[in-house]
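S.K.:
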Amino acid sequence: MDKCHCAQVAFETIVETAKTEGIDYREIIERVNAGNTCTACKSYLIEYCESRLELLQTA
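Residue numbers (the numbering used here): 22 to 80.
1. A31 by DSSP, collapsed to three states: which one?
2. Would you decide whether C59 is buried or exposed? Buried here means 16 or more other CB atoms lie within 10 Å of its CB.
3. To the nearest angstrom, report how far apart Y46 and H26 are at their CA atoms.
4. So if DSSP puts C25 in a beta bridge, which residue, or which two residues, is it bridged to?
5. May I ask you to check if the CB of V36 is nearer than 7 angstroms to at least one heavy atom of the ligand MN?
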């Protein structure tokens with residue numbers, strides 16, 4: 022799973038926006054209401070964002 026279908030937003034868009042704006046990815050999730058409607062993607066969304074942002078910090 023690579024996007025929240027309810028909010029129509031790709032997980033990568035959330036990561037890129039968080040990096041660009043220099044804020045926590047959870048703020049972007051709240052802003053676009055991702056993972057909050059049916060919640061089917063929520064665990065995938067969190068795992069994706071945390072793993073992508075962790076890779077950036079260790080690089």
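Just so it is clear, CB atoms sit at the ideal spot from N, CA and C, and this is done for glycine as well.
M.R.: Taking the geometry as given:
1. Three-state DSSP puts A31 in a strand.
2. With fewer than 16 Cβ atoms within 10 Å of its Cβ, C59 is classed as exposed.
3. Rounded to whole angstroms, Y46 to H26 spans 18 angstroms at the Cα level.
4. Paired residues: V30.
5. Absence of the ligand MN is noted for the structure shown, with no ligands found whatsoever.
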